[in-house]
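One structure is given below, encoded as structure tokens.
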Amino acid sequence: MEPQALKALLRAVESGQSSAEQAMEALADWPSQDLGHSQLDMQRSLRCGHPEVVYGAGKSPSELVDIARALHQAHGRLLVTRATDEGAAACLKALPECTWHQRARIITMGLPDPGEGEGQVLVLCAGTSDLPVAEEAWITARSMGAKAELVADVGVAGLHRILGQQDRLRAASAIVVVAGMEGALPSVVGGLVDRPVIAVPTSVGYGAAFGGVAALLGMLNSCASGVTVVNIDNGFGGGYAAAQINALASPPPS
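Structure below.
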């Protein structure tokens, strides 16, 4: 149950428009809902501001459909990360209102359109090969209520490309920088701006990239101030953190 819905329910009981029994029925699956294979955290939006996000990998298609249906019914929106093609196909069949973002491996319901949302999160990726992770960050930030923009292929092999984005860099409340190979781009961006930079290393690269470890270590050892680092290929973590920072920087809706 979303915070606004809970407030409305409590006010209805207070005013006599709803009985205590009706309220108890509405809260039957709160704070958790037992699906047998999963225990859904129905109270998370009240504590953390957003509903539970589903990690799709490892779940069977039928489990994923059960979870998606229950969360969407409770919250009116849904975010599933790292979904498989089979899981996505099952969700699209059972819940036609789902959208499958195949490159990002994300399933959404109720995702705001690009350009909607509060504040400004900027997602940058060094190369087009990093786009699956960058799109995961971009879609996650949007699903958390942030206005978010994605700019691709601005890596350090051609510095003029990132230097040409300085207006966008300065307009953002938080910046997610996604890069593989040697992972240098977050340090460059960190030296250009006075706002938080969230670095996301990717597993893109040849042998000595060690599946993203080289980029991760390079980002952790950045000489630029204000750069924090999430796990390898964790676009979700970068986008979520950026959206939280953005929410603090944005004025509350009137």
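The sequence shown begins at 0 in numbering that gives the first Met the number 0 and counts up by one. We put the beta carbon where it would ideally sit given N, CA and C, even for glycine. In this text the structure is predicted, and so the values were computed from the model without any measurement.
**Prompt:** For the 8 Å Cβ check, are there 3 or more pairs between the segment 228-241 and the segment 184-200?
**Reply:** Contact holds: three or more Cβ-Cβ distances are below 8 Å.
**Item:** 8 Å contact criterion, which Pro-30 and Gln-42 should meet: CB distance rounded
**Value:** What you label residue 30 is simply residue 31 of the sequence shown in a count that begins at 1. What you label residue 42 is simply residue 43 of the sequence shown in a count that begins at 1. Contact holds; Cβ gap of about 4 Å.
**Under the three-state DSSP convention, the category Gln-16 falls into** = As a position in the sequence shown, residue 16 is number 17, starting the count at 1. Judged by DSSP in its simplified three-state form, Gln-16 adopts coil rather than helix or strand.
**Message:** Does the contact criterion of 3 or more C-beta pairs under 8 Å hold for the segment 119-138 versus the segment 155-174?
**Reply:** In short, these stretches touch, since the Cβ pair count reaches three.
**Asked** Which partner residues does Pro-200 have in the DSSP bridge list?
**Response** Counting from 1 along the sequence shown, the entry for residue 200 is found at position 201. Its beta-bridge partners are Ala-178.
**Request:** Following the continuous beta strand (DSSP E) through Asp-65, name the residue where it begins and the one where it ends.
**Result:** Indexing the sequence shown from 1 puts residue 65 at position 66. Membership of Asp-65 in any beta strand (DSSP E) is not indicated; the residue belongs instead to the alpha helix (DSSP H) covering 60-74.
**Request:** Provide the residue span of the alpha helix (DSSP H) that contains His-159, from first to last.
**Result:** Counting from one through the sequence shown, the residue named residue 159 turns up at place 160. Unbroken alpha helix (DSSP H) run through His-159: 158-162.
**Message:** Just to confirm my understanding: we take Asn-245, look at its own chain, exclude 5 residues before and 5 after, and list those with CB closer than 6 Å. What are they?
**Reply:** Walking along the sequence shown from the start, residue 245 turns up at place 246. Once the five neighbours on either side are set aside, the close Cβ partners of Asn-245 are Gly-118, Val-120, Ala-145, Ser-172 and Ala-173.
**Request:** Counting only the same chain and skipping the five closest in sequence on each side, list residues whose C-beta sits under 7 Å from that of Gly-225.
**Result:** In the sequence shown, the residue the question calls residue 225 occupies position 226. Cβ within range, chain order: Gly-189, Pro-195 and Val-196.
**Request:** Can you tell me which of Ala-73, Ser-128 and Val-150 puts its alpha carbon nearest to the alpha carbon of Trp-137?
**Result:** As a first step, residue 137 is located in the sequence shown; it is residue number 138 there, counting from the start. Cα-wise, what sits closest to Trp-137 is Val-150.
**Request:** With a cut-off of 8 Å on the beta carbons, I'd call Leu-78 and Ile-105 a contact; round off their distance for me.
**Result:** In the sequence shown, counting from the first residue as 1, residue 78 sits at position 79. In the sequence shown, counting from the first residue as 1, residue 105 sits at position 106. Confirmed, Cβ separation roughly 7 Å.
**Unbroken beta strand (DSSP E) run spanning Met-143, endpoints** = By one-based count along the sequence shown, residue 143 stands at place 144. From DSSP, Met-143 is part of no beta strand (DSSP E); its letter is neither H nor E.
**Message:** I need the straight-line Cα distance from Leu-215 to Gly-182, nearest angstrom please.
**Reply:** Along the sequence shown, read from residue 1 onward, the residue named residue 215 stands at position 216. Along the sequence shown, read from residue 1 onward, the residue named residue 182 stands at position 183. Each residue's Cα considered, the two are about 7 Å apart.
**Item:** Cβ separation of Val-64 and Cys-90, assumed to be a contact under 8 Å, to the nearest whole Å
**Value:** As a first step, residue 64 must be located in the sequence shown, where it is residue number 65. As a first step, residue 90 must be located in the sequence shown, where it is residue number 91. The distance from the Cβ of Val-64 to that of Cys-90 is about 6 Å, consistent with a contact at the 8 Å cut-off.
**Message:** Distance check for Ala-73 and Lys-58, CA to CA, integer angstroms please.
**Reply:** Position 59 of the sequence shown, counting from 1, holds the residue named residue 58. Position 74 of the sequence shown, counting from 1, holds the residue named residue 73. Approximately 20 Å between the Cα atoms of the pair.
**Prompt:** Where does Tyr-254 land, buried or exposed, given buried means 16+ other C-beta within 10 angstroms?
**Reply:** Not covered by the structure: residue 254. The range shown for the chain is 0 to 253.
**Request:** Within the segment 69-131, note down every full alpha helix (DSSP H) run reaching 4 residues or more, in order along the chain.
**Result:** Runs found: 84-93.
**Asked** Rounded to a whole number of angstroms, what is the C-alpha to C-alpha distance between Gly-154 and Val-192?
**Response** The count along the sequence shown starts at 1 and reaches residue 154 at position 155. The count along the sequence shown starts at 1 and reaches residue 192 at position 193. Cα to Cα, the separation comes out at about 16 Å.
**Asked** For the candidate residues Ala-82, Thr-98 and Leu-70, whose alpha-carbon lies nearest to that of Glu-51?
**Response** Counting from one through the sequence shown, the residue named residue 51 turns up at place 52. Shortest Cα-Cα distance from Glu-51 to any of Ala-82, Thr-98 and Leu-70 involves Leu-70.
**Asked** Of the residues Leu-9, Glu-62 and Thr-139, which one's Cα is nearest the Cα of Asp-33?
**Response** Along the sequence shown, one-based indexing puts residue 33 at 34. Taking the Cα of Asp-33 as reference, the smallest distance to any Cα among Leu-9, Glu-62 and Thr-139 is reached at Glu-62.
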